[in-house]
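K.L.:
Handing you a structure now.
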Amino acid sequence: KEENEVHDEL
Amino acid sequence: MNIFRLAGDMTHLASVLVLLLKIHTIKSCAGISLKTQELYALVFATRYLDIFTDFISLYNTTMKLIFLGSSFSIVWYIRNHKIVSRSYDKSQDTFRHYFLIIPCLLLALLVNEKFTFKEVMWAFSIYLEAVAILPQLVLLQRTRNIDNLTGQYVFLLGAYRALYILNWIYRYFTETHYVHWITWVSGLVQTLLYADFFYYYFESWKNNKKLQLPA
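Printed below as a string of structure tokens:
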């Protein structure tokens, strides 16, 4: 998955 | 992860712990808006749908579980705990929070990063969190004497998103293509809603007098 597809912030 | 975001998460965690401390130790939720707590439970439920599908880190998953568990247990405490529920003043907590949910849902359907169920739910949670504090702020204006724990809870809850804004600025300058208008605009609106609370909170702290919001 591209980075910006997964929300890495809470 | 950067220092601003870690400080933001820790501040958010602290706000939850202060509220749990207040409810669990003095068995009182005086001055706390159940509606804001319900909105936050909905925010986390719709934001963390990916908790089992996208593993980011142990930290990320742990914090998600803490926020989900604490927000739902706070709602349960205020609604069902025989002692705590007695200190909940339903007649004061009158904000029509359902009027917040529908517009946020509509906006999420229109403005999202991808038109999938998870992404629309995620955008909904971002918009809803921006306005979730409104019932609490309205209740504070009606609460004559705001106790310290309630004041600290609201302050920490507002401060965490302000720290996240610093995190977004930091990431914008250090990561290529890091642009997230949805969280940036919503986070800014969310923090601005606390502006007058922050003003009166610092005034009361500086003059060492009781926190009072003008009606």
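Chains A and B, in that order, give the protein sequences. Letter 5 of the first sequence, counting from 1, is numbered 28 in our numbering, and no numbers are missing. Letter 58 of the second sequence, counting from 1, is numbered 737 in our numbering, and no numbers are missing. Heads up, the beta-carbon is just placed ideally off N, CA and C, and yes, glycines get one too.
#1: Helix or strand or just coil, what does DSSP make of B:L892?
#2: Looking only at its own chain, which residues have a Cβ that is under 7 Å from the Cβ of B:T690, when we skip the five neighbours before and after it?
#3: Does B:N824 come out as helix, strand or coil in the three-state DSSP assignment?
#4: Please state whether the Cβ-Cβ distance between A:L33 and B:D688 is less than 7 Å.
#5: For B:M895, is the classification buried or exposed, using 16 other Cβ atoms within 10 angstroms of its Cβ as the cut-off for buried?
#6: Beta carbon of B:L828, beta carbon of B:V697: below 7 Å?
#7: Give the single residue among B:Y767, B:T795 and B:D733 whose Cα lies nearest to the Cα of B:S707.
#8: Can B:I711 and B:Y756 be called in contact, C-beta distance under 7 Å?
#9: Between B:T715, B:E808 and B:N824, which lies nearest to B:W863 when the distance is taken from Cα to Cα?
#10: Mind pulling the alpha helix (DSSP H) runs of 4 or more residues that sit fully within the segment 771-811 of chain B?
P.N.:
Taking the geometry as given:
#1: The residue given as residue 892 of chain B occupies position 213 in the second sequence. Coil, per DSSP.
#2: Residue 690 of chain B sits at position 11 when you count from the first residue of the second sequence. Within the same chain, B:T690 has close Cβ partners L835, A838, Y839 and L842.
#3: Here the question's residue 824 of chain B lines up with position 145 in the second sequence. The answer is coil: DSSP assigns B:N824 none of H, G, I, E or B.
#4: Within the first sequence, residue 33 of chain A is the residue found at index 10, counting from 1. Within the second sequence, residue 688 of chain B is the residue found at index 9, counting from 1. Their beta carbons are under 7 Å apart, which means A:L33 touches B:D688 by this criterion.
#5: Any question about residue 895 of chain B goes unanswered here, given that chain B covers just 680 to 894.
#6: Mapped onto the second sequence, residue 828 of chain B falls at position 149. Mapped onto the second sequence, residue 697 of chain B falls at position 18. Going by C-beta atoms, B:L828 is nearer than 7 Å to B:V697.
#7: To locate residue 707 of chain B, count along the second sequence from 1; it is residue 28. Closest by alpha carbon: B:Y767.
#8: By 1-based counting over the second sequence, the position of residue 711 of chain B is 32. By 1-based counting over the second sequence, the position of residue 756 of chain B is 77. For B:I711 and B:Y756, no; Cβs fall outside 7 Å.
#9: For this step, residue 863 of chain B is matched to residue 184 along the second sequence. Out of B:T715, B:E808 and B:N824, B:E808 has the C-alpha closest to the C-alpha of B:W863.
#10: 777-789 and 796-810
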